Amino acid sequence: MQIIKLNATDSTSTYLKNLLCDNILDDLTVVAAKKQLRGRGQMGTTWASEEGKNLTFSFLKRLNKLVVKEQFILNIIISLAIHDTLKGLNVPDLRIKWPNDILSGNAKICGILIENMLSGTNIQSSVVGIGLNVNQLKFGGLPNVSSLKLILGQNIDLDEMLVSIMEKIENRFEVSEGKTIEQLRTEYENLLFRKDKPSTFINEKDEMFMGFIRGISLQGKLLVTLEDDILGEFDLKELKLLY
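Heads up: the sequence shown is residues 103 to 345, going by this note's numbering.
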């Protein structure tokens, strides 16, 4: 595994994609930065991180004939790998907030952004960006955010944490080789935040509604039981879970 360390860059994912244009990179090549000037999250949100306090990195994953319709396998594998790492540190009450935020209790500690490069109907490779709150103590009043130091009460070595995460990711990809979403989703679903609990959502029309998260579809859509026991399937753009 090659790890490229930077002091600062606009985005580790953008840096890695630019490298990929001009170089042949090994599988699981990592770009890590002490500071991201324009770190991104899902739906174009920004990822704010105090310089040198957290892990902000991206890695390249080369894939072998993963069809686009099964792309959510990547979310499952990477979310579970992060969960494996944090569970090993005894971080309490770990949950996955669909599609791929990692929470401790109600507080977000990690975000994941996956960008796929296609070849026909297959995904040729993916650039995966990960932001993990490690040693940061203040978040400028942002709600429902925490860090490993706030939770565990101790400093975490960033280099050791990065290697540990990448080892878990590599292992998860190895044991998941050749498996389908149907074979992998149960473990992911069992960790879903607010699964089987009455929850409030807001849809793309800014309308609030109640429902129960039941799991994910084979395409990775969120399954929510609505009024009259109707089971709805939702894409990321179609609803937001309110805390």
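We treat Cβ as the ideally placed atom computed from N, Cα and C, and that holds for glycine.
Note that the structure is a prediction, hence the values are computed from the model and not measured.
Only residues of its own chain outside the window of five on either side were considered, and among them N218 and I225 have a CB closer than 7 Å to the CB of Q173, listed in chain order.
Of the candidates S228, I184, G154 and L338, L338 places its Cα closest to the Cα of N305. Residue burial is scored here from C-beta neighbours: D203 has at least 16 other C-beta atoms within 10 angstroms and is therefore classed as buried. Beta-bridge pairing by DSSP links I332 to no other residue. For the set K342, G243, S181 and G222, the Cα lying nearest the Cα of I216 is the one of S181. Per DSSP, E217 is one residue of the beta strand (DSSP E) stretching across A209 to S221. Using a 10 angstroms sphere on the CB of Q238, the tally of other CB atoms reaches 16 or more, which defines it as buried. Counting C-beta atoms within 10 angstroms of its own C-beta, L333 has fewer than 16 neighbours from the protein chains shown and is therefore classed as exposed. Nearest in C-alpha terms to S151, of all of N292, S278, A135 and S266, is A135. L324: member of the beta strand (DSSP E) spanning L324 to T327, first to last residue.
Look at Q285 here: in three-state DSSP terms it is helix. Using a C-beta cut-off of 8 Å, the region 245-256 makes contact with the region 203-213, since at least three inter-stretch Cβ pairs fall below that distance. According to DSSP, residue pairing for I304 in a beta bridge involves M310 and K342. Residue state for L260 is assigned as helix, using DSSP reduced to three classes. Between L341 and F303 the beta-carbon gap is near 5 Å, inside 8 Å, which marks them as a contact.
One thing to note: K171 has its Cβ within 9 Å of the Cβ of Q321. Counting along the chain, the unbroken alpha helix (DSSP H) around D124 starts and ends at T114 to D124. Within a 10 Å sphere around the beta-carbon of N235 sit 16 or more other beta-carbons, which makes this residue buried. Bounds of any beta strand (DSSP E) do not take in T131, whose DSSP letter is neither H nor E.
Residues L162 of the same chain have their beta carbon placed closer than 6 Å to that of L127, with the five preceding and five following residues left out of the count.
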